[in-house]
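A.B. asks: Numbering (the working numbering), first residue to last: 794 to 1351.
Where a beta carbon is used, it is the ideal one built from N, C-alpha and C, also for glycine.
In this text, all values refer to a predicted model and were calculated from it rather than measured experimentally.
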Amino acid sequence: MTDYNPPIRDMSFVLNELLGFSSDIIDTETMEAVLDEAAKLASEVLAPLNWIGDEHGLKLADDHSVNMPPGFKDAYEQYRDGGWNAVPFEEEYGGQGLPWALAFGVQEMWQGANMAFGLCPLLNQGAVEAILSHGSDEMKAFYLPKLVSGEWTGTMNLTEPQSGSDLGLLKAKAERADDGHYKIFGQKIWITYGEHDFSDNIIHLVLARLPDAPDDVKGISLFIVPKYLEDGSRNDVKCVGLDHKLGIHASPTCVMQYGDEGGAKGYLVGEENQGLKYMFTMMNIARLSVGLQGVAVAERALQHAAAYASERVQGRSFDSGERVTIDQHADVRRMLMTAKALTEAGRAVTYDAAIAVDASNKGDAAAQAKVDLLTPIVKSWCTDIAQEVTYLAIQIHGGMGFIEETKVAQYYRDARILPIYEGTNGIQAADLAFRKTLRDGGAVTGAYIDALEQDLPADKGDVLKDYLEDLREASKILVERGAAGDLNGVGAMSTPYLKAFGLIAGGVMMARAGQIAKDKAGDPYYDEKLETCEFYLGNILPLAKAQIEIAVKGSLKL
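Below, the structure written as structure tokens:
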């Protein structure tokens, strides 16, 4: 069977037909040509390395270097030389200036083909955004051209052994030096691609605390700490350990040590003590990208399971009495349809957020509010989708799914990190409840629900309006609890509230998609799309009612 077929047809459908994406930068024909070229690299180069990287893993050498698995460095060179790293970035710094909506389709392919590989450009993307938004003109001119081209790569250094999500516990130190730079001391853990052999330099974005900084998160500053300095000398930073992980074995997750030999040379980004604010510039686009990873891994697991189910002969047909492939059995069909419907709904919600990113970059305040609201939903709901779809993919394989040689278990293991990193899904739920809903009394949440209610298919309108009204009522109750000072109550209802939000937003997208498909009946793609949309509305959307019930009533018991 083919290892991975990028779902270009569905990507194009979601962008062009469902979401009505248009751009003055690129036309539909050119956009599809870009997707076609990306698909070649993804399926022919990156996908075959996925299993190799998982089996080979990584090893830290005595000189603190990390050699990537066979084929990975060459694949990165093809990726870089093809200009793929530059797709969404500003032309001023060597980027192609293409829309994020297109970039998400391209990036879905990297993540679906080889998530361990795809993490390198994902982290680099966050570093570019941070420097672009908060760096000085000199920093931008020096670092961005090489980071945008992929000649250099970037990282985010936040976490420490005692400081995971609570950055107020951060202990890494920064000292002012006489020549205007800073000396950085401390240890950072879980640093994705903190060391590797892809690029000539690695630019670390590091959070650290100055001696006279305020306590807690108000006293955090952000620094650029390059692996190699301007004169080519090695900076005082090194990888001292590699984590042994459940999945993504080919992605180096590093323990980074700063300042063993007098201090790593660092350069302040923006102003002192503003690092937390700057960090969210890195984190927000990364969180959307992690949600995209969830969709991507789900897609690949679905393809793997569907191919197996179409070949594996077990049991007899109730109709003919003949032995049949397992995709003819109702329960296997249910699992395949669940995986397909969830994956396609997740793709629609994620791409909708990407389109809003493009609009927000042009100064559209309403679009920015939509991005802010959708970020925790996309990150959490779509990574939960990956858990369910990869679980189902193994289940469809039966006992063979538990055997590593069938390769389906890798998707399950790789996907398990997604609800954890870039802010756990519980933190995303708290973000939606406290920062995105309570902060403005539910105004932005209400506006988004109103937008979902527009242009509902006539035959689904009453049903969907009922779900949207339930979501409005849950939002109202959440705001009322916050106003009454019941913050524990808000926290308790946050996760089921987010789950309901994702399910309902996905339901609206699938209803709209189903209407488009119904109008084009007779084409195999649209007939299959309609079937998938109807399955979502009948078998998945009803779960939102239970989540709202839990949010409003069950959470009172916590």
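What first and last residue would you give for the beta strand (DSSP E) that runs through L998?
C.D. replies: First-last of the beta strand (DSSP E) with L998: N994 to A1001.
A.B. asks: Suppose only complete runs of 3+ residues qualify. What are the beta strand (DSSP E) ranges in the region 1005–1063, listed by chain order?
C.D. replies: Within the region 1005–1063, the complete beta strand (DSSP E) runs of at least 3 residues are 1014–1019, 1030–1035, 1046–1051 and 1057–1061.
A.B. asks: DSSP three-state call for A967: helix, strand or coil?
C.D. replies: Note: A967 maps to strand in three-state DSSP.
A.B. asks: Does DSSP put Y1214 in a helix, in a strand, or in coil?
C.D. replies: Coil at Y1214, not helix or strand.
A.B. asks: Could you please give me the residues that DSSP links to N860 through a beta bridge?
C.D. replies: BP columns for N860 point to K852.
A.B. asks: For G943, which three-state DSSP category applies?
C.D. replies: Reduced to three states, the DSSP call for G943 is coil.
A.B. asks: Where does R1109 sit, in a helix, a strand or coil, going by DSSP?
C.D. replies: R1109: strand per DSSP, three-state reduction.
A.B. asks: On the DSSP bridge assignment, give the partners of Q980 in chain order.
C.D. replies: Answer by DSSP bridge pairing, in chain order: Q1050.
A.B. asks: Considering only residues of the same chain and omitting the five flanking positions on each side of L811, which have a CB-CB separation below 8 Å?
C.D. replies: Result list for L811: A1141, M1302, R1305, A1306 and I1309, in chain order.
A.B. asks: Does F1111 pass the burial test, meaning 16 or more other C-beta atoms within 10 Å, or should it be called exposed?
C.D. replies: Flag for F1111 reads exposed.
A.B. asks: In angstroms with no decimal places, state the Cα-to-Cα distance between L842 and G864.
C.D. replies: Straight-line Cα distance between these residues: approximately 7 Å.
A.B. asks: Could you check if T823 is buried or exposed, using at least 16 other CB atoms within 10 Å of its CB as the buried criterion?
C.D. replies: By the neighbour-count rule (16 or more Cβ atoms within 10 Å), T823 is not buried but exposed.
A.B. asks: Assuming G979 and E953 make a contact with CB atoms under 8 Å, what is their CB distance in whole Å?
C.D. replies: Rounded, the Cβ-Cβ distance is 7 Å, consistent with contact.
A.B. asks: Once DSSP output is grouped into helix, strand and coil, what is the label at T1118?
C.D. replies: Here T1118 sits in strand by DSSP.
A.B. asks: Using 8 Å as the Cβ pair cut-off and three pairs as the minimum, do the region 1105–1121 and the region 1073–1092 touch?
C.D. replies: The answer is no - the region 1073–1092 does not touch the region 1105–1121, with fewer than three Cβ pairs under 8 Å.
A.B. asks: In whole angstroms, give me the CA-to-CA distance for A894 and V1150.
C.D. replies: Their backbone Cα atoms lie some 8 Å apart in a straight line.
A.B. asks: Who are the Cβ neighbours of I792 in its own chain at under 6 Å, not counting the five residues just before and after it?
C.D. replies: No information on residue 792 is available, as it lies outside the stretch 794 to 1351 that the chain covers here.
A.B. asks: Determine, using beta-carbon pairs with one atom in the region 1042–1054 and one in the region 1024–1033, whether at least three such pairs fall under 8 Å.
C.D. replies: Touching, yes.
A.B. asks: Can you list, in chain order, the residues of its chain with a C-beta nearer than 8 Å to that of S1348? Leave out the 5 residues immediately preceding and following it.
C.D. replies: Contacts found: G1282, A1285, M1286 and P1289.
A.B. asks: Please identify the residue among N1028, T946, N1066 and I1078 whose C-alpha is closest to the C-alpha of A896.
C.D. replies: With distances taken between Cα atoms, A896 lies closest to I1078.
A.B. asks: Do N1028 and K1020 have their beta-carbon atoms positioned less than 7 Å apart in this structure?
C.D. replies: For K1020 and N1028, yes; Cβs fall inside 7 Å.
A.B. asks: Decide if G1278 is buried, meaning its Cβ has at least 16 other Cβ atoms within 10 Å, or exposed.
C.D. replies: Exposed.
A.B. asks: For R1002 and N1066, I'd like the C-alpha separation in whole angstroms.
C.D. replies: Looking at the two C-alpha atoms, the distance is approximately 8 Å.
A.B. asks: Please work out which residues of its chain come closer than 7 Å, Cβ to Cβ, to A934, disregarding the five sequence neighbours upstream and downstream, and give them in chain order.
C.D. replies: Excluding sequence neighbours, A934 sits near nothing in its chain.
A.B. asks: What number of angstroms, rounded off, separates the C-alpha of P914 from the C-alpha of D1224?
C.D. replies: If you take the alpha carbons of P914 and D1224, they lie about 26 Å apart.
A.B. asks: Going along the chain, which residues of its own chain have a beta-carbon closer than 6 Å to the beta-carbon of H997, five neighbours each way excluded?
C.D. replies: Excluding sequence neighbours, H997 sits near T948, N950 and V1018.
A.B. asks: Can we count E830 as close to the ligand PLP, meaning its CB is less than 6 Å from some heavy atom?
C.D. replies: In terms of ligand content, the structure shown is empty, and the ligand PLP therefore cannot be addressed.
A.B. asks: Does Y975 come out as helix, strand or coil in the three-state DSSP assignment?
C.D. replies: Three-state result, Y975: strand.
A.B. asks: By how many angstroms is the C-alpha of V899 removed from the C-alpha of A832?
C.D. replies: Straight-line Cα distance between these residues: approximately 8 Å.
A.B. asks: Taking C-alpha atoms, which residue in D1120, N878 and Y986 lies nearest to T1098?
C.D. replies: It should be noted that the sequence gives Ala, not Thr, for residue 1098. When each option's Cα is compared against that of A1098, the closest is D1120.
A.B. asks: Within 10 angstroms of the Cβ of S958, are there 16 or more other Cβ atoms? Answer buried if so, exposed if not.
C.D. replies: S958 is exposed by the Cβ-count criterion.
A.B. asks: Out of E1023, P892 and E870, state which residue places its alpha-carbon closest to the alpha-carbon of S1153.
C.D. replies: The residue with the shortest Cα to Cα distance from S1153 is P892.
A.B. asks: Should the region 1164–1175 be regarded as contacting the region 1223–1238, the criterion being three or more beta carbon pairs within less than 8 Å?
C.D. replies: Because the criterion of three Cβ pairs below 8 Å is met, the region 1164–1175 and the region 1223–1238 touch.
A.B. asks: If contact is defined by three or more beta carbon pairs under 8 Å, each pair taking one atom from either stretch, is the region 1314–1330 in contact with the region 1120–1138?
C.D. replies: Enough Cβ pairs lie closer than 8 Å, so yes.
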